[in-house]
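Those sequence lines, one after another, are chains P and X. 2 is the number of the first residue of the first sequence in this note's numbering; add one for each residue after it. 33 is the number of the first residue of the second sequence in this note's numbering; add one for each residue after it.
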Amino acid sequence: DTEVTQTPKHLVMGMTNKKSLKCEQHMGHRAMYWYKQKAKKPPELMFVYSYEKLSINESVPSRFSPECPNSSLLNLHLHALQPEDSALYLCASSQDRARIATYNEQFFGPGTRLTVL
Amino acid sequence: GESVGLHLPTLSVQEGDNSIINCAYSNSASDYFIWYKQESGKGPQFIIDIRSNMDKRQGQRVTVLLNKTVKHLSLQIAATQPGDSAVYFCAENTQGLPLTSGTYKYIFGTGTRLKVLA
């Protein structure tokens with residue numbers, strides 16, 4: 002199974018709502034990532050988890066709160082978002098770099114299209 | 033031909049011709065690179081990768097070339113097909129901070145839209 006799944010596919014929320022995005026992989030990967038992608042732009046890294054611990058936070062506002070309950074799951078909790086947070090949110094996973102000496106292919110999920118009203 | 037739009041450079045090629053998509057990367061310490069294909073409404077799809085100890089790597093109909101001297105990557109697609117129409121991104125694997133974290137992150141290039149003309 003070389004698949005990363007994300008739910009929901011689409012999400013519309015108001016600025017006062019609380020919602021969560023979910024990501025799952027069963028490839029045994031120990032590094033998982035959240036990216037934000039605006040239209041016609043490359044994905045921008047938000048967070049990296051390595052062995053279920055937050056390893057990188059790219060100065061993301063606290064209204065985005067990541068969580069890694071176990072090695073297969075990654076969540077992104079959303080609260081008090083702004084309209085400019087509307088984007089495609091992508092999850093990805095890879096073998097942990099510390100263990101793999103050669104290639105470190107990163108697999109992406111299909112993304113969640115988020116609209117903040 | 034190749035043109036630079038407001039946000040995304042576009043490369044238009046005739047079906048059956050070869051395509052060359054270029055990318056400049058930023059960090060001379062990056063040692064692993066990936067090319068991704070992204071179709072509208074989908075996540076990026078892995079195409080091919082290369083380590084910095086190589087200059088060239090070939091896959092099925094695709095070749096990646098790496099020039100470390102000028103920090104340049106290219107993706108060559110042979111006999112371009114309509115299904116190749118998408119946005120192509122290069123990504124470099126570089127060490128995140130703190131350096132002791134052992135965690136690496138991927139930085140994406142700006143992307144190129146490939147349009148295949150029938």
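All C-beta atoms, glycine included, are put in the ideal place defined by N, C-alpha and C. All values derive from a computational prediction rather than experimental measurement.
| query | result |
| --- | --- |
| Which chain P residues sit within Cβ distance under 9 Å of X:Thr142? | Lys42, Pro43 |
| Does the segment 49 to 57 of chain X touch the segment 106 to 117 of chain P, meaning 3 or more C-beta pairs lie closer than 8 Å? | no |
| By a C-beta neighbour count over all protein chains shown, 10 Å radius and 16 as the cutoff for buried, is X:Leu146 buried or exposed? | buried |
| Closest by CA to P:Leu46, which one among X:Ala123, X:Leu149, X:Ile82? | X:Ala123 |
| Tell me the DSSP secondary structure of P:Glu4 in three-state form. | coil |
| Kindly identify the DSSP beta-bridge partner or partners of X:Asn125. | X:Tyr64, X:Tyr138 |
| For chain X, find out if any of its Cβ atoms is closer than 7 Å to the Cβ of P:Leu91; answer yes or no. | yes |
| Compare the C-beta of P:Pro67 with all C-beta atoms of chain X and state if any pair is closer than 7 Å. | no |
| Can you list, in chain order, the residues of its chain with a C-beta nearer than 8 Å to that of P:Met14? Leave out the 5 residues immediately preceding and following it. | Lys20, Leu79, Leu82, Leu115, Thr116, Val117, Leu118 |
| Using a Cβ-Cβ cut-off of 7 Å (strictly less than) and excluding sequence neighbours within five positions of P:Cys69, which residues of its own chain qualify? | Met33, Tyr50, Glu53, Leu75 |
| Under the assumption that P:Lys39 contacts P:Ala88 (Cβ atoms under 8 Å), give the Cβ distance between them as a whole number of angstroms. | 5 Å |
| For chain X, find out if any of its Cβ atoms is closer than 7 Å to the Cβ of P:Val13; answer yes or no. | no |
| According to DSSP, is P:Glu45 helix, strand or coil? | strand |
| At a Cβ threshold of 7 Å, is P:Glu106 touching chain X? | yes |
| Per DSSP, what kind of secondary structure is P:Gln107 in: helix, strand or coil? | strand |
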